[in-house]
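Everything on this sheet refers to the single structure shown next.
Protein chains: 2
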Amino acid sequence: MSPARVMAADLAAHVGRQVTIAGWLHRKRELKSVTFLVIRDRTGLAQVVLAGPGEAAKAAGYPEESVLAVTGLVTASEQAPGGVEVTRPELAGLGEATEPPPFDLYRPAVGAALPTVLDHAPTSLRHPVLRAGLEISAASVAGFRAALGARGFTEIHTPKIVESATESGASVFGIDYFGRPAYLAQSPQFYKQAMVGVFERVFEVGPVFRAEPHDTARHLAQYTSLDAEFGFIEDHRDVMAVLTGVFAQMVATVAERARPAAELLGVKLPDVPAQIPDVHFTRAQELIAAGAGWDPRGEPDLSPADERWLCEWALREHGSEFVYVTGFPLAAKPFYTHPDPARAGYTNGFDLLFRGLELVTGGQRLHRYGDYLAALAALGLDPAPYASYLRVFKHGMPPHGGFAIGLERWTARLTGVANIRQVTAFPRDSHRLSP
Amino acid sequence: MSPARVMAADLAAHVGRQVTIAGWLHRKRELKSVTFLVIRDRTGLAQVVLAGPGEAAKAAGYPEESVLAVTGLVTASEQAPGGVEVTRPELAGLGEATEPPPFDLYRPAVGAALPTVLDHAPTSLRHPVLRAGLEISAASVAGFRAALGARGFTEIHTPKIVESATESGASVFGIDYFGRPAYLAQSPQFYKQAMVGVFERVFEVGPVFRAEPHDTARHLAQYTSLDAEFGFIEDHRDVMAVLTGVFAQMVATVAERARPAAELLGVKLPDVPAQIPDVHFTRAQELIAAGAGWDPRGEPDLSPADERWLCEWALREHGSEFVYVTGFPLAAKPFYTHPDPARAGYTNGFDLLFRGLELVTGGQRLHRYGDYLAALAALGLDPAPYASYLRVFKHGMPPHGGFAIGLERWTARLTGVANIRQVTAFPRDSHRLSP
Numbered sequence: 003m004s005p006a007r008v009m010a011a012d013l014a015a016h017v018g019r020q021v022t023i024a025g026w027l028h029r030k031r032e033l034k035s036v037t038f039l040v041i042r043d044r045t046g047l048a049q050v051v052l053a054g055p056g057e058a059a060k061a062a063g064y065p066e067e068s069v070l071a072v073t074g075l076v077t078a079s080e081q082a083p084g085g086v087e088v089t090r091p092e093l094a095g096l097g098e099a100t101e102p103p104p105f106d107l108y109r110p111a112v113g114a115a116l117p118t119v120l121d122h123a124p125t126s127l128r129h130p131v132l133r134a135g136l137e138i139s140a141a142s143v144a145g146f147r148a149a150l151g152a153r154g155f156t157e158i159h160t161p162k163i164v165e166s167a168t169e170s171g172a173s174v175f176g177i178d179y180f181g182r183p184a185y186l187a188q189s190p191q192f193y194k195q196a197m198v199g200v201f202e203r204v205f206e207v208g209p210v211f212r213a214e215p216h217d218t219a220r221h222l223a224q225y226t227s228l229d230a231e232f233g234f235i236e237d238h239r240d241v242m243a244v245l246t247g248v249f250a251q252m253v254a255t256v257a258e259r260a261r262p263a264a265e266l267l268g269v270k271l272p273d274v275p276a277q278i279p280d281v282h283f284t285r286a287q288e289l290i291a292a293g294a295g296w297d298p299r300g301e302p303d304l305s306p307a308d309e310r311w312l313c314e315w316a317l318r319e320h321g322s323e324f325v326y327v328t329g330f331p332l333a334a335k336p337f338y339t340h341p342d343p344a345r346a347g348y349t350n351g352f353d354l355l356f357r358g359l360e361l362v363t364g365g366q367r368l369h370r371y372g373d374y375l376a377a378l379a380a381l382g383l384d385p386a387p388y389a390s391y392l393r394v395f396k397h398g399m400p401p402h403g404g405f406a407i408g409l410e411r412w413t414a415r416l417t418g419v420a421n422i423r424q425v426t427a428f429p430r431d432s433h434r435l436s437p
Numbered sequence: 003m004s005p006a007r008v009m010a011a012d013l014a015a016h017v018g019r020q021v022t023i024a025g026w027l028h029r030k031r032e033l034k035s036v037t038f039l040v041i042r043d044r045t046g047l048a049q050v051v052l053a054g055p056g057e058a059a060k061a062a063g064y065p066e067e068s069v070l071a072v073t074g075l076v077t078a079s080e081q082a083p084g085g086v087e088v089t090r091p092e093l094a095g096l097g098e099a100t101e102p103p104p105f106d107l108y109r110p111a112v113g114a115a116l117p118t119v120l121d122h123a124p125t126s127l128r129h130p131v132l133r134a135g136l137e138i139s140a141a142s143v144a145g146f147r148a149a150l151g152a153r154g155f156t157e158i159h160t161p162k163i164v165e166s167a168t169e170s171g172a173s174v175f176g177i178d179y180f181g182r183p184a185y186l187a188q189s190p191q192f193y194k195q196a197m198v199g200v201f202e203r204v205f206e207v208g209p210v211f212r213a214e215p216h217d218t219a220r221h222l223a224q225y226t227s228l229d230a231e232f233g234f235i236e237d238h239r240d241v242m243a244v245l246t247g248v249f250a251q252m253v254a255t256v257a258e259r260a261r262p263a264a265e266l267l268g269v270k271l272p273d274v275p276a277q278i279p280d281v282h283f284t285r286a287q288e289l290i291a292a293g294a295g296w297d298p299r300g301e302p303d304l305s306p307a308d309e310r311w312l313c314e315w316a317l318r319e320h321g322s323e324f325v326y327v328t329g330f331p332l333a334a335k336p337f338y339t340h341p342d343p344a345r346a347g348y349t350n351g352f353d354l355l356f357r358g359l360e361l362v363t364g365g366q367r368l369h370r371y372g373d374y375l376a377a378l379a380a381l382g383l384d385p386a387p388y389a390s391y392l393r394v395f396k397h398g399m400p401p402h403g404g405f406a407i408g409l410e411r412w413t414a415r416l417t418g419v420a421n422i423r424q425v426t427a428f429p430r431d432s433h434r435l436s437p
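Here the protein sequences come in this chain order: E and S.
Taking the numbering used here, the leading residue of the first sequence gets 3, the next gets one more, and so forth.
Taking the numbering used here, the leading residue of the second sequence gets 3, the next gets one more, and so forth.
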């Protein structure tokens with residue numbers, strides 16, 4: 003590569019000069035007297051014009067997606083995208099494609115069914131629409147980290163191979179660990195709680211694993227969990243305040259770093275209110291009973307229809323696309339959830355709903371050893387498999403809480419795709435283990 | 003918690019005022035007429051004085067590591083650490099310890115053998131020395147990301163469950179994937195290469211898994227890999243230039259964000275030269291043959307002793323604690339390594355050595371489909387298991403390369419610990435699956 007490589011997005015600043023651009027042959031259009039090449043690099047697209055006798059032949063050996071270096075004259079052109087094109091080019095092949103892509107990558111919409119897209123993911127993801135989802139995902143993660151870093155949180159990395167399947171026995175992957183049985187971690191829950199004892203405030207971005215046997219549009223066998231946990235809280239409201247600030251920065255970072263991607267997908271970025279509306283679980287059920295066509299009262303958890311209705315309600319009544327549901331019943335939340343001290347049977351656990359879907363689950367956790375033993379006993383659970391988790395609570399833990407955001411689910415809701423797999427680079431589910 | 007919580011590090015700004023601090027009871031010293039409490043929070047330590055009749059009794063119910071809120075008067079005191087202490091305190095228990103920690107956390111050195119430390123990791127890691135290693139680790143990762151973000155790299159998240167154990171068949175973990183055999187990924191190598199086709203420049207911070215049956219001081223069954231890969235390079239020297247910049251920023255970020263931790267551990271942060279010295283593999287062997295007490299020529303790879311000698315040589319001759327070894331023989335590098343076009347039998351693969359140890363491996367990769375088939379054939383390998391990996395090379399890939407830094411190994415070298423487990427929160431090895 004010539005060190006003088008100019009990026010596609012910068013081309014307009016070089017009119018009248020000889021430059022080298024490089025990238026993928028996004029599209030080749032052969033007309034009678036002229037051939038147009040569109041070169042795609044990480045900053046955008048650039049048009050190259052082969053005109054005159056014999057010129058078209060220069061591109062003959064390069065199928066679409068070949069990687070080319072193109073040296074030529076930057077010429078202003080009203081018809082060209084971006085107002086400039088490269089004329090009188092010399093082409094050099096940097097990495098020739100040996101067969102055409104599985105579907106046309108230059109068409110505005112993805113012109114293949116999802117299974118085809120996923121089967122060919124390494125190539126499919128080059129399509130600007132699919133790539134844009136992953137850019138928004140990357141910007142979201144950067145915002146998540148920036149928000150927590152600014153609040154004194156420390157990043158941690160915890161084990162993904164664990165001894166016992168304690169958090170939710172049903173759907174774990176078993177692994178042969180040097181001849182012993184072990185499991186893939188379903189969440190960093192226990193580790194992030196323990197690390198509150200070390201750093202007070204911690205976060206982790208990492209894979210979690212769920213052996214979900216059912217293929218749905220919103221579940222994956224591996225997804226990226228954005229986890230945070232912190233101590234010295236009053237109750238779950240302190241957790242919600244941090245979470246609200248985190249989403250504000252995630253959205254701001256998408257706007258800052260991935261605006262072209264958001265525009266390409268027609269994403270309307272949500273406002274994150276300084277105070278997201280919140281509604282207690284029982285009040286939410288009353289609202290639904292009074293306003294929707296069904297009565298959920300008596301149910302221990304929200305149904306998908308309940309979640310959708312509550313989002314419509316929050317938008318109508320509060321102008322917010324986000325809404326917290328607080329005070330879930332004990333039965334709806336894991337055993338480590340702190341009960342509501344003012345209301346028997348309910349907890350300091352919450353969900354955050356966004357555009358019709360539960361996006362985040364969080365809450366205050368138990369922090370006293372005796373309370374854990376009592377909570378397990380109340381559920382009729384043997385504390386033995388939890389011994390290694392519980393031990394840290396003998397050594398002094400502050401009131402604490404946290405949350406976990408499913409990255410792919412967030413990106414899917416934000417971009418409005420029908421299936422979470424459309425914003426996951428190489429999804430894993432019960433049918434898909436490759437590529 | 004009172005909203006007016008003051009952090010230990012800020013106490014000196016509050017002399018003469020009534021404040022609340024909160025944290026762990028790091029140490030309790032009961033003398034005849036006075037009891038000193040040291041409270042540890044995420045910013046440091048604060049001394050609390052209980053003096054006068056009956057005062058000591060206030061702390062009687064709190065073993066060390068209990069979490070307390072302490073409200074009292076901030077008083078200047080020459081003898082106190084930081085020049086201030088909290089006097090006339092009222093204590094409130096936020097999370098009482100029910101038993102003492104497994105070893106004294108307040109002593110300057112970690113006073114327990116490594117197995118004890120690791121068995122009790124959730125509590126052990128509170129020791130300022132162990133915590134400091136993880137702070138340095140977190141700052142290093144932040145520097146890694148900042149350096150690559152500034153260079154136009156996009157963050158990716160790739161599958162940790164893979165279909166075939168292609169990269170190095172010997173040491174993978176098997177997993178039951180919905181009744182089918184699958185494996186834990188040993189690296190994101192193939193995925194990050196594919197994603198060069200999408201974003202040109204990518205990085206990933208994530209866990210990788212090696213079923214190493216041997217317990218050594220420098221291997222783990224799970225570690226955090228800092229991976230980068232990018233296209234449109236001339237050769238491996240472009241990769242080395244980026245890697246040098248990455249280390250410069252990692253060290254700078256440790257200096258900026260984790261200086262107290264580095265000072266506590268007595269870490270001398272290395273200078274990262276703008277141009278790290280580099281030496282070709284064959285020249286390195288000649289230097290060793292001429293200067294060390296042994297002759298490595300003819301060996302296909304460097305031995306640990308070779309690495310140590312080369313680091314001493316680089317420090318002596320070039321004043322650098324880092325040294326690149328370039329041009330490794332084909333036999334020493336994986337099949338996807340690009341050969342040196344100017345020297346048969348050698349590659350554009352390199353290692354970066356630091357303080358006696360190989361820390362990073364990287365290089366230019368093959369980027370043409372036909373070259374991959376030829377490389378596999380030359381090794382007598384069946385291309386079938388690689389089909390899903392190789393397919394992307396039919397669709398145009400630029401010359402590219404990258405590197406992978408082992409986070410724990412870097413932190414271990416930087417801090418000078420004898421065993422990598424001392425800077426890993428919850429290490430996994432053939433004997434250790436918990437906590």
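Heads up, the beta-carbon is just placed ideally off N, CA and C, and yes, glycines get one too.
On a predicted model such as this, the values are computed, not experimentally measured, just so you know.
Query, Result
"Residue interval of the alpha helix (DSSP H) (run including Phe201(S))", "191–201"
"8 Å Cβ cutoff, Lys34(S) in contact with chain E", "no"
"Straight-line Cα distance separating Leu52(E) from Pro91(E)", "7 Å"
"Closest Cα partner of Asp431(S) within the set Val325(S), Ala219(S), Ala254(S)", "Ala219(S)"
"Buried or exposed (CB count within 10 angstroms, at least 16 for buried), Ile41(E)", "buried"
"Residue environment, Ala389(S), which counts as buried when at least 16 other CB atoms sit within 10 Å", "exposed"
"Buried/exposed call for Ser35(E), threshold 16 Cβ in 10 Å", "exposed"
"8 Å Cβ cutoff met for Phe283(E) and Val327(E)", "yes"
"Neighbour flag for Arg393(S) against chain E, beta carbons, 8 Å", "yes"
"Residue-chain proximity (Lys162(E), chain S), Cβ-Cβ < 8 Å", "yes"
"Burial state of His369(E), where buried means 16 or more other Cβ atoms lie within 10 Å", "buried"
"CB-CB length for Pro272(S) against Val253(S), believed under 8 Å", "6 Å"
"Among Thr37(E), Lys60(E), Lys30(E), Pro83(E), nearest to Asp12(E) - alpha-carbon criterion", "Pro83(E)"
"His402(E) beta carbon near the ligand COA (any heavy atom closer than 7 Å)", "As for the ligand COA, it is missing from this structure, which has no ligand bound."
"Start and end residues, alpha helix (DSSP H) containing Gly293(E)", "283–293"
"Neighbour-count burial assignment, Glu344(E), 16 or more Cβ in a 10 Å radius", "Looking at the sequence shown, residue 344(E) is not Glu but Ala. It counts as exposed."
"Interface residues of chain S facing Thr100(E) [CB-CB closer than 9 Å]", "Arg370, Tyr371, Gly372, Phe395, Lys396, His397, Gly398"
"Alpha-carbon to alpha-carbon, Gly418(E) and Cys313(E)", "15 Å"
"Alpha-carbon spacing of Leu291(E) relative to Ala243(E), whole angstroms", "It is worth fixing the name first, because residue 291(E) is Ala in this sequence and not Leu. So the alpha carbons of these two residues sit roughly 29 Å apart."
"Option in Thr160(S), Phe395(S), Gln195(S) with minimal Cα separation from Gly404(S)", "Gln195(S)"
"Option in Gly135(E), His238(E), Glu288(E) with minimal Cα separation from Pro341(E)", "His238(E)"
"Residues near Gln251(E) by beta carbon distance below 7 Å, same chain, minus five either side", "Gly145, Ala148, Ala149"
"Beta-carbon spacing of Leu136(S), Gly95(S) below 8 Å", "no"
"Pro5(S) classed as buried or exposed, judged by whether at least 16 other C-beta atoms fall within 10 angstroms", "Caution is warranted here: a pLDDT of 45 is assigned to Pro5(S), below 50, making its placement in the model unreliable, and no coordinate value can be reported."
"Option nearest Gly54(E) by Cα separation, candidates Thr89(E), Arg31(E), Ala152(E)", "Thr89(E)"
"Exposed unless 16 or more other CB atoms sit within 10 angstroms - verdict on Trp296(S)", "exposed"
"Nearest-angstrom Cα separation, counted from Thr160(E) out to Asp178(S)", "22 Å"
"Three-state class that DSSP yields for Ile23(E) in the structure shown", "strand"
"Contacting positions in the region 194–216 of chain E - beta carbon closer than 8 Å to chain S", "Ala196, Met197, Gly199, Val200, Phe201, Glu202, Arg203, Val207, Gly208, Pro209, Phe211, Ala213, Pro215"
"Beta strand (DSSP E) segment containing Leu228(E), residue limits", "224–233"
"Close-in-space but distant-in-sequence residues of the same chain around Leu127(S) (CB under 8 Å, 5 per side omitted)", "Arg133, Leu136, Ala427"
"Within chain E, partners of Glu157(S) - CB distance below 8 Å", "Ala140, Val143, Ala144"
"Residues near Met3(S) in its chain [Cβ-Cβ closer than 7 Å; skip 5 each side]", "A caution first: Met3(S) carries a pLDDT of 45, below 50, which makes its placement in the model unreliable, though a value can still be read off. Same-chain partners within the cutoff: Ala24, Ala71."
"Contact belief for Leu116(E) with Ile422(E) at Cβ below 8 Å, rounded distance in angstroms", "In fact, because the Cβ distance is near 11 Å, the residues do not count as touching under 8 Å."
"Separation of Gly398(E) from Pro104(S), as counted between CA atoms", "13 Å"
"Chain S contact residues for Ser436(E), given Cβ-Cβ distances below 7 Å", "Glu165, Ser390"
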